[in-house]
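In UniProt numbering, the protein residues as written are 1 to 155.
All C-beta atoms in this analysis are idealised placements derived from N, C-alpha and C, irrespective of residue type, glycine included.
Computed from a predicted model, the values in this text were never measured in an experiment.
What follows is a set of notes on a single structure, which appears directly below.
This is the structure we're talking about:
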């Protein structure tokens, strides 16, 4: 069955939800990572988007990847090898409570990636996000296009 494409107006809840997830992941990672970045359309204030967060965990070098995987597994993520490629490793969630915390929070849908800081994929994510944040007219046009395409897809 084809999944419906839902494009929504920007919601301030998205940034708030990212910040909460950021805190949980950052606490588990300790000093293993360079940064955690909110990327993709939902990271751009005012941009219509699918209500799904895209999150990049940035590592200094690939040698620590397996250490990062173990830490993510502790809070309910698993490596999705089939969705991964060089410079961007994808992670799925074992359930809607991931990242696990003591409150059993049901989190907003999100895509989690681990990226090498020098990878082309990470650079592409940041350039896309920053360009749309700096060029609101282009972001508005892009949002309108996404809404139009979602309507036309007869989903």
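> CA-CA distance, residue 50 and residue 144?
Replying inline: C-alpha separation (whole angstroms): 13 Å.
>> For a test of the three-state rule: what should DSSP assign to residue 34, helix, strand or coil?
In response: In this structure, residue 34 counts as coil in the three-state DSSP scheme.
> Taking one C-beta from the stretch 30–50 and one from the stretch 1–16 each time, how about it: are there three or more such pairs within less than 8 Å?
Replying inline: The answer is yes - the stretch 1–16 touches the stretch 30–50, with three or more Cβ pairs under 8 Å.
> Residue ranges of each beta strand (DSSP E) run of no fewer than 3 residues wholly in the stretch 107–155, ordered along the chain?
Replying inline: If only uninterrupted beta strand (DSSP E) runs of at least 3 residues are considered, those enclosed by the stretch 107–155 are 110–116.
> Nearest-angstrom Cα distance between residue 66 and residue 79?
Replying inline: In this structure, the alpha-carbon of residue 66 lies about 10 Å from that of residue 79.
> Which residue spans inside the stretch 34–97 form an unbroken alpha helix (DSSP H) run of at least 4?
Replying inline: Entirely contained in the stretch 34–97, the alpha helix (DSSP H) runs reaching 4 residues are, in chain order, 65–74.
>> Tell me the DSSP secondary structure of residue 161 in three-state form.
In response: Limits of the chain in this structure are 1 at one end and 155 at the other, which puts residue 161 out of reach.
> Short check: CB of residue 112 to CB of residue 124, under 9 Å?
Replying inline: Against a cut-off of 9 Å, the Cβ pair of residue 124 and residue 112 comes out as no contact.
> Cβ of residue 96 within 9 Å of Cβ of residue 107?
Replying inline: Cβ distance < 9 Å, so residue 96 and residue 107 count as in contact.
>> So, with DSSP's three-state summary, where would you put residue 100?
In response: DSSP places residue 100 in coil when its eight states are reduced to three.
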